[in-house]
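There are 2 protein chains.
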Amino acid sequence: MAETLTDRSQKILEAIIEEYIATAQPVGSKALTQNLGIKLSPASVRNVMAELEELGYLASPHTSAGRIPTEKGYRFYVDTLLQVSDLDRRQKNQIEQQYGQHGLQMADMLREASRTLSSFSNYTGLVMVPRLKVTIFRHIEFVKLSQRLILAVFVTQSGLVQNKLIEIDEDLTPRDLEQITNYLNQTMIGLSIQEVRARVVSEMTQEKALYDHLLRRAFALSSAALVDEITGDIIIEGTSHFLEQPEFADLKCMKRIIQTFEQKSILVDLLDRGLETEGVQVIIGSETEYSELSDCSLITAAYSGKRGTLGTLGVIGPNRMPYSTIIPIVDYTANLISRLLDTDKD
Amino acid sequence: MAETLTDRSQKILEAIIEEYIATAQPVGSKALTQNLGIKLSPASVRNVMAELEELGYLASPHTSAGRIPTEKGYRFYVDTLLQVSDLDRRQKNQIEQQYGQHGLQMADMLREASRTLSSFSNYTGLVMVPRLKVTIFRHIEFVKLSQRLILAVFVTQSGLVQNKLIEIDEDLTPRDLEQITNYLNQTMIGLSIQEVRARVVSEMTQEKALYDHLLRRAFALSSAALVDEITGDIIIEGTSHFLEQPEFADLKCMKRIIQTFEQKSILVDLLDRGLETEGVQVIIGSETEYSELSDCSLITAAYSGKRGTLGTLGVIGPNRMPYSTIIPIVDYTANLISRLLDTDKD
DNA sequence: TGTTAGCACTCCTTTGTGTCGAGTGCCAAA
DNA sequence: TTTGGCACTCGACACAAAGGAGTGCTAACA
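Protein chains in written order, with this note's numbering: chain A, 73 to 418; chain B, 73 to 418.
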């Protein structure tokens with residue numbers, strides 16, 4: 073019972089899952105023996121299916137329907153049965169071509185990645201914009217908008233531009249600002265934002281800063297400019313693909329999902345989870361721990377720049393997703409983005 | 073026939089349209105005389121309704137259903153029958169509060185505007201990001217990313233930050249860049265981007281520039297930096313509200329609309345049309361001239377900064393929209409945004 | 001002991017039928 | 001010009017019957 077499945081059970085489970093992924097219809101014993109490669113009588117298959125249902129890998133919507141995979145079934149399939157092949161050269165080229173037309177600007181690239189993920193998978197593409205704290209400082213610039221209002225524009229190594237409005241309570245002359253700018257740009261270049269922040273904190277407490285008015289203000293400004301956004305941003309493309317999925321034909325449930333997307337915060341959390349993990353990660357249904365997404369699965373992978381992980385990207389769709397084709401797409405896209413972010417930027 | 077409608081006909085048409093907007097159900101003669109303020113017998117109403125149908129203001133889905141408004145009906149309603157009231161103080165406050173929590177950064181404000189439009193109207197909010205050419209130059213900064221790659225960061229008067237990667241074919245020293253930056257920031261401040269471009273073109277041909285290598289390069293860089301984006305960007309919020317509309321229960325048609333939204337270009341075109349117009353504009357169904365949106369209507373208004381129109385914003389929903397409540401919301405939001413963009417920025 | 005054929009059973013899906021009722025158009029009377 | 005009356009149309013809904021796919025169980029077979 074609790075021991076591992078026999079070879080035969082695994083074959084049958086695999087066939088059922090793949091058939092269900094392809095057709096979205098419950099799979100019966102007859103279909104398995106006729107069209108799929110199972111060389112057994114329907115009766116024997118039924119025995120195995122009953123056993124698999126007993127063990128929780130399959131479920132039947134009602135007595136006289138076939139079986140459909142449970143989450144446990146998908147999980148076992150993804151972990152054990154699935155063998156992912158690499159993309160062939162042609163597909164890789166096709167994907168790569170999408171980026172050719174654009175400039176090399178990071179924001180454009182990330183958007184294109186989300187589009188590509190969506191259009192090549194036929195599901196919904198997700199790309200998380202790098203959190204400020206993991207990016208590398210390259211340049212900061214303060215633009216004075218009014219007496220008390222300064223716009224800090226901040227460029228990361230990879231060409232991502234972030235900006236933030238800062239209110240100040242004492243006037244700064246253009247000369248002050250220029251000095252501060254120069255100081256920061258010379259001191260902080262090449263550090264990660266986390267390091268920059270640490271540095272600012274430590275230097276602010278040092279003796280020198282206490283007496284140097286300008287330095288104090290420089291640190292105040294930069295720490296205001298580099299306050300991390302609390303919530304990350306993500307780029308979602310291809311929501312409309314959800315409307316094609318028969319499992320979401322119910323408008324009620326459809327709406328819940330789309331609203332979840334609009335809200336973004338849940339997706340941010342899910343993508344965040346992939347930050348620590350190497351390679352492609354699959355989150356199935358209730359593993360998301362959000363009831364809104366209990367019928368959705370995510371396939372994610374982290375992408376990185378020169379100095380470690382920057383963010384994650386992936387695809388979200390129904391549990392019934394063709395994992396074998398999408399996993400390589402996500403994997404390749406993450407690698408491609410990592411490669412592109414490393415190129416030509418210094 | 074072709075002459076104007078009688079007073080009574082107009083009353084009945086108005087009642088039908090408002091009832092249909094409220095219920096999404098075809099309106100029959102009985103309902104009109106019983107619950108709505110029509111003091112006539114059902115039979116008389118039927119005569120009028122037949123006449124209105126003849127004239128093209130109403131249609132009947134089938135013999136034994138009530139009547140529903142046609143596009144012509146809505147158009148007449150919006151142009152002639154509708155009287156829009158102002159928002160009351162409470163609603164204005166509610167809307168205004170949404171902006172309080174955010175910084176004053178333009179991008180945030182525009183996103184919030186789209187959200188607010190959506191949540192107060194219960195339809196989908198649209199906000200067009202100002203086109204580069206209508207914005208006012210405030211500051212430009214060049215960040216050298218590599219030998220041949222420069223990131224131009226460009227700040228407009230209203231605090232919008234745009235950036236663009238530029239490839240150059242001759243190396244520029246940091247010193248060169250600094251001089252160019254200073255020159256441009258001093259020369260161009262306060263001009264609209266259109267004016268900046270004109271100026272660059274004219275100065276480039278002047279004698280002085282021909283001999284001053286640095287000047288030439290400054291102009292080359294700035295014209296590269298200020299190439300207008302071909303296609304504008306828009307911020308869409310609340311797509312999920314479309315899923316609530318009974319008229320889009322059909323997934324097929326739903327999907328077409330959502331895809332149109334994802335693609336954005338059509339919406340950009342529709343919002344562009346509002347740029348020249350004063351006040352609130354209503355586009356109904358096929359007036360959009362896009363078959364994908366033949367069942368959708370837009371309510372748009374332009375917003376502006378100190379120096380004229382910046383962009384448009386609005387709401388998109390089914391033809392059957394409560395125009396009387398949404399028009400003031402769009403109108404007020406456009407004014408509010410215009411006001412906020414004018415404040416505190418210089 | 002594992003496999004298979006047969007069979008009764010379940011339950012969803014589809015199709016068809018009949019009823020109900022809302023709404024219409026038209027006509028004749030007020 | 002307005003109104004009541006009336007026959008008619010047509011979709012919505014409920015219900016029943018037929019059809020069929022798939023199951024579980026049992027008994028026979030290798």
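C-beta: ideal position from N, C-alpha, C; glycine also.
Contacts around B/Q237, its chain only, beta-carbon distance under 7 Å, and the 5 residues preceding and following it disregarded: Residue identity check: residue 237 of chain B is Leu in the sequence provided, not Gln. Within the same chain, B/L237 has close Cβ partners L221, L223.
Residues near A/T142 by beta carbon distance below 7 Å, same chain, minus five either side: G128, Y129, L130, A131
Buried versus exposed, by CB contacts within 10 Å (16 or more), A/S193: buried
Between the segment 319-344 of chain A and chain B, which residues of the former have a C-beta closer than 7 Å to a C-beta of the latter? A321, L323, M326, K327, I330, Q331, E334
Min CB distance B/L413 to chain A below 8 Å: no
Inspect the beta-carbon positions of B/L159 and B/E86 and report whether they are closer than 8 Å. Cβ distance not < 8 Å, so B/L159 and B/E86 don't count as in contact.
Could you give the C-beta distance for B/I110 and B/Y149, rounded to a whole number, given that I count them as a contact under 8 Å? With a Cβ gap of about 16 Å, B/I110 and B/Y149 do not count as contacting.
Pick from A/L342, A/V352, A/N119, A/D284 that is closest to A/S396, judged by C-alpha positions: A/V352
Please list the terminal residues of the continuous alpha helix (DSSP H) segment that includes B/K324. 323-335
Counting only beta-carbon atoms, is B/D418 nearer than 8 Å to chain A? Legend: pLDDT at B/D418 = 48, less than 50; position of this residue unreliable, no value from coordinates given.
Does B/Y375 come out as helix, strand or coil in the three-state DSSP assignment? strand
Please report the distance separating the alpha-carbon of B/G197 from that of B/R187. 6 Å
Within the same chain, show all residues whose beta-carbon is closer than 8 Å to that of A/I167, passing over the 5 residues directly before and after it, in chain order. L159, T188, F192, I401, Y404, T405, L408
For A/V268, which three-state DSSP category applies? Residue state, collapsed to three classes: helix.
For the candidate residues B/C325, B/E334, B/F333, B/G377, whose alpha-carbon lies nearest to that of B/S264? B/G377
What does A/S312 touch in chain B if you count any residue whose Cβ is under 7 Å from its own? K327, I330, Q331, E334
Start and end of the beta strand (DSSP E) containing B/V215? 209-218
The beta strand (DSSP E) spanning A/P400 covers which residue range? Here A/P400 belongs to no beta strand (DSSP E); instead the alpha helix (DSSP H) covers 395-414.
For B/V117, list the residues DSSP reports as bridge partners. The partner list for B/V117 (beta bridge, DSSP) is empty, contrary to what the question assumes.
Where B/R411 falls, given that 16 or more other Cβ within 10 Å makes a residue buried: exposed
Under three-state DSSP, which class holds A/R139? In the structure shown, A/R139 adopts extended strand secondary structure according to DSSP, grouped into three states.
May I ask you to report which of helix, strand or coil DSSP gives B/N194? coil
Beta-carbon proximity check, A/F226 vs A/Q234, cutoff 8 Å: yes
Interface partners of B/H134 on chain A, CB under 7 Å: By Cβ distance, chain A contributes nothing, its closest Cβ being about 24 Å from B/H134, past 7 Å.
Per DSSP, what kind of secondary structure is B/P246 in: helix, strand or coil? helix
Three-state class that DSSP yields for B/Q353 in the structure shown: strand
In the DSSP output, which residue or residues are listed as bridge partners for B/M276? BP columns for B/M276 are empty, so no partner.
Sort out for me which residues DSSP pairs A/A131 with in a bridge. A/I140
Interface positions of the segment 203-235 of chain A facing chain B (Cβ-Cβ less than 7 Å), listed along the chain: Under the 7 Å Cβ criterion, the segment 203-235 of chain A contributes R210, H211, E213, V215, L217, S218, L221, L223, V225, V227, G231, V233, N235.
What distance in whole Å lies between the Cβ atoms of A/G346 and A/A374, which are believed to be in contact at a cut-off of 8 Å? 6 Å
By DSSP, does A/K236 sit in helix, in strand, or in coil? strand
Measure the Cβ-Cβ separation of B/I306 and B/M200 and say whether it is below 8 Å. yes
DSSP bridge partner residues for B/E91 (one or two, in chain order): DSSP lists no partner for B/E91.
Within chain B, partners of A/L189 - CB distance below 7 Å: By Cβ distance, chain B contributes nothing, its closest Cβ being about 14 Å from A/L189, past 7 Å.
Figure out for me which residue from A/P202, A/Q258, A/L293, A/Q155 has the closest Cα to the Cα of A/I399. A/Q155
Please work out which residues of its chain come closer than 8 Å, Cβ to Cβ, to A/S157, disregarding the five sequence neighbours upstream and downstream, and give them in chain order. S396, P400
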